[in-house]
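K.L.:
Residue numbering for the sequence shown follows numbering that gives the first Met the number 0, starting at 0 and increasing by one per position.
The following block contains the structure, expressed as structure tokens.
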Amino acid sequence: MTTAFPVLLGADGTTATAADILDRCRELVRPALAGTIERLHPWVGEMAAYSFGWCDVGGTPAGGAGGKGVRQALAVLGAEAAGASGEAAVAGAVAVELVHTFSLLHDDIMDGDQTRRTRPTVWKAYGTGPAVLAGDALFALAVEALAAVDGAGTAAAVRRLGAAMGDLVRGQADDLLFESRPWTGPTAVGPEEYRTMAEHKTGALLGCAAALGAALAGAPETTVAALDRAGRYMGVAFQVVDDLLGIWGDPAVTGKPVHNDLRQRKKTFPVLAALTARGPGAPAAGRLAALLAEAPDVPDDATTHRAAALIEQAGGRSAALAEADRHIAAVETCLDGLPLAPGAVAELRTLLDFLVRREI
């Protein structure tokens with residue numbers, strides 16, 4: 000990838016890395032997030048804490064950070080970029096982190112994923128019904144966290160979260176329906192359909208995260224809407240990179256086996272781009288289509304290795320990288336010219352650069 004963003008210099012002249020930014024935001028948000036989780040039924044709260052990596056099954060403290068915390072960081076930085084901080088930033092961050100975790104709990108059940116961050120998923124550790132219950136509880140807490148903010152922008156923020164959730168469900172529904180669609184032919188999934196799905200499934204919550212703190216603080220609607228659009232473009236880039244990792248990612252980084260998405264026959268962007276290749280990539284595209292059509296429901300390692308090679312030969316990997324680049328450029332367009340705090344915008348750019356360069 001060719002896109003590069005400036006990184007923020009701290010007060011001491013050192014570079015603030017994405018890890019520094021994520022750590023700062025986690026430390027800011029964690030007390031409020033933990034306090035919110037403590038209000039749950041003890042058993043449900045244990046499952047929630049387990050999903051964040053804070054404890055093991057049975058409640059023994061584990062000391063985990065609970066993932067990177069990308070969405071809560073976006074909420075903090077979006078609020079700070081709009082000149083807000085404190086209650087608005089933290090409340091927005093808590094809400095989006097709860098909704099994100101809720102979506103992961105349910106997503107793992109729908110996909111049948113048995114591990115996340117190298118540990119058993121919540122449904123695998125506690126059972127399907129309990130995992131659904133824990134997810135529902137987190138969603139309810141997210142709405143409550145926003146509604147408790149006393150400010151002129153509270154109602155708008157709650158509506159924005161609700162709309163994002165509607166889009167997320169729409170995107171997840173499309174993603175599930177894609178599974179039953181053929182690889183080729185008039186009813187095959189095309190790259191444009193994929194973009195719409197990714198914007199809803201992944202971009203909607205990232206956009207909401209970037210905009211929520213600003214909305215809570217009563218920032219102008221033009222600023223809030225631009226932050227939301229920036230987050231949505233960021234979400235598509237993030238999802239495309241996730242697709243690349245799902246095929247070629249290092250298991251030590253992703254926590255999942257190599258070629259995992261191919262094994263699950265997921266219609267990810269590199270595959271769709273490869274199947275629709277023209278010119279020099281067309282012969283490999285034809286061989287890939289034949290291989291996918293003949294492959295069993297659970298392809299073996301030899302088949303997934305062959306498929307990955309054909310995707311690359313057809314240009315699917317390079318097309319996915321270019322797609323991510325285009326959406327990164329769109330993020331820049333959204334941020335240009337807005338009356339935003341320069342330091343927070345620089346941190347947003349540093350975080351974006353990190354998100355689209357995750358070991359690919």
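Positions of the beta carbon are idealized from the N, C-alpha and C atoms, including for glycine.
When you compare each of 356, 82, 233, 153 to residue 340 by their alpha carbons, which one comes out closest?
P.N.:
Taking the sequence shown and counting its residues from 1, one reaches residue 340 at position 341. The option with the nearest alpha carbon to residue 340 is 82.
K.L.:
Which of helix, strand or coil does DSSP assign to residue 114?
P.N.:
Position 115 of the sequence shown, counted from the first residue, corresponds to residue 114. If DSSP states are grouped into helix, strand and coil, residue 114 belongs with the strands.
K.L.:
Excluding the 5 residues preceding and the 5 following residue 156 in the sequence, name in chain order all residues of the same chain whose CB lies nearer than 6 Å to its CB.
P.N.:
Residue numbering aside, residue 156 sits at position 157 when the sequence shown is read from its first letter. Once the five neighbours on either side are set aside, the close Cβ partners of residue 156 are 145, 211, 214, 215.
K.L.:
Tell me the start and end of each unbroken alpha helix (DSSP H) in the segment 183-241 that is at least 4 residues and wholly inside, in chain order.
P.N.:
For the segment 183-241, whole alpha helix (DSSP H) runs of length 4 or above, ordered along the chain, are 190-197, 203-215.
K.L.:
Tell me the rounded alpha-carbon separation between residue 92 and residue 154.
P.N.:
Along the sequence shown, one-based indexing puts residue 92 at 93. Along the sequence shown, one-based indexing puts residue 154 at 155. Using only the alpha carbons, I get a separation of about 16 Å.
K.L.:
Spatial neighbours of residue 5 within its chain, please: CB distance less than 7 Å, with the 5 preceding and 5 following residues excluded, ordered by chain position.
P.N.:
Your numbering for residue 5 matches position 6 in the sequence shown. At residue 5 the pLDDT is 35, less than 50, meaning the model places this residue with poor confidence; the figure from the coordinates comes in the next sentence. If we look at residue 5 and ignore the five residues flanking it on each side, its Cβ neighbours are 345, 348.
K.L.:
Residue 275 by DSSP, collapsed to three states: which one?
P.N.:
Position 276 of the sequence shown holds residue 275. Coil, per DSSP.
K.L.:
Could you compute how far the alpha carbon of residue 273 sits from the alpha carbon of residue 194?
P.N.:
The sequence position of residue 273 within the sequence shown is 274, counting from 1. The sequence position of residue 194 within the sequence shown is 195, counting from 1. Whole-angstrom Cα-Cα distance: 15 Å.
K.L.:
Of all the options 163, 355, 32, which has the alpha carbon lying nearest to the alpha carbon of residue 204?
P.N.:
By 1-based counting over the sequence shown, the position of residue 204 is 205. Measuring from the Cα of residue 204, the nearest candidate turns out to be 163.
K.L.:
Secondary structure at residue 313, three-state DSSP: helix, strand or coil?
P.N.:
Translated into the one-based positions of the sequence shown, residue 313 becomes position 314. If DSSP states are grouped into helix, strand and coil, residue 313 belongs with coil.
K.L.:
Counting beta carbon pairs with one atom in the segment 96-105 and one in the segment 126-142, are three or more of them shorter than 8 Å?
P.N.:
Output reads yes: the segment 96-105 touches the segment 126-142.
K.L.:
Going by Cα to Cα distance, which pick from 35, 325, 277 is closest to residue 237?
P.N.:
The residue labelled residue 237 in the question sits at position 238 within the sequence shown. Considering only alpha carbons, the answer is 325.
K.L.:
Shortest alpha-carbon distance to residue 253 belongs to which of 262, 113, 241, 75?
P.N.:
Here residue 253 refers to the residue found at position 254 when the sequence shown is read from its first residue. The shortest C-alpha separation from residue 253 is found at 241.
K.L.:
If you count every other CB in all the chains shown that lies within 10 Å of the CB of residue 300, and 16 or more means buried, which is it?
P.N.:
The sequence position of residue 300 within the sequence shown is 301, counting from 1. Classification for residue 300: exposed.
K.L.:
Counting only the same chain and skipping the five closest in sequence on each side, list residues whose C-beta sits under 6 Å from that of residue 3.
P.N.:
Here residue 3 corresponds to residue number 4 of the sequence shown, with the count starting at 1. Bear in mind that the predicted position of residue 3 carries a pLDDT of just 35, short of 50, making it unreliable; the figure below should be weighed with that in mind. Nothing listed; no residue qualifies.
K.L.:
Can you list, in chain order, the residues of its chain with a C-beta nearer than 8 Å to that of residue 11? Leave out the 5 residues immediately preceding and following it.
P.N.:
To locate residue 11, count along the sequence shown from 1; it is residue 12. Residue confidence for residue 11 is low, a pLDDT of 40 falling below 50, so the modelled location carries little weight and cannot support an answer.
K.L.:
Report, in whole angstroms, the separation of the C-beta atoms of residue 262 and residue 298, which I expect to be a contact under 8 Å.
P.N.:
Along the sequence shown, read from residue 1 onward, the residue named residue 262 stands at position 263. Along the sequence shown, read from residue 1 onward, the residue named residue 298 stands at position 299. Sure, about 6 Å apart at Cβ, within 8 Å.
K.L.:
Helix, strand or coil: how does DSSP classify residue 119 here?
P.N.:
On the sequence shown, residue 119 is found 120 positions in, with the first residue counted as 1. Residue 119: strand per DSSP, three-state reduction.
K.L.:
Tell me whether residue 179 is buried or exposed, calling it buried when 16 or more other Cβ atoms sit within 10 Å of its Cβ.
P.N.:
Stepping through the sequence shown from its first residue, residue 179 is reached at position 180. The residue is exposed, with fewer than 16 neighbouring Cβ atoms inside 10 Å.
K.L.:
Could you tell me whether the Cβ atoms of residue 74 and residue 96 are closer together than 9 Å?
P.N.:
Reading the sequence shown from its first residue, position 75 is the one you call residue 74. Reading the sequence shown from its first residue, position 97 is the one you call residue 96. Result yes, Cβ atoms of residue 74 and residue 96 sit closer than 9 Å.
K.L.:
Might you give, ordered along the chain, the residues of its own chain that have their beta carbon closer than 8 Å to the beta carbon of residue 307, omitting 5 neighbours on each side?
P.N.:
On the sequence shown, position 308 is the one that residue 307 refers to. Taken in chain order, the residues that qualify are 246, 247, 258, 261.
K.L.:
Relative to the C-alpha of residue 364, which residue among 221, 323, 152 is closest?
P.N.:
Coverage of the chain is limited to positions 0 through 359, which leaves residue 364 absent and any answer about it impossible.
K.L.:
Grouping DSSP H, G and I as helix and E and B as strand, with all else coil, what is residue 2?
P.N.:
Taking the sequence shown and counting its residues from 1, one reaches residue 2 at position 3. Its pLDDT being 35, under 50, residue 2 is placed unreliably in this model, and the coordinates cannot settle the point.
K.L.:
Tell me the DSSP secondary structure of residue 41 in three-state form.
P.N.:
Taking the first residue of the sequence shown as 1, we reach residue 41 at position 42. Here residue 41 sits in helix by DSSP.
K.L.:
On the CB-based measure, 16 or more other CB atoms within 10 Å of its CB, does residue 202 come out buried or exposed?
P.N.:
Sequence index remark: in the sequence shown, residue 202 carries index 203 (1-based). Label assigned to residue 202: buried.
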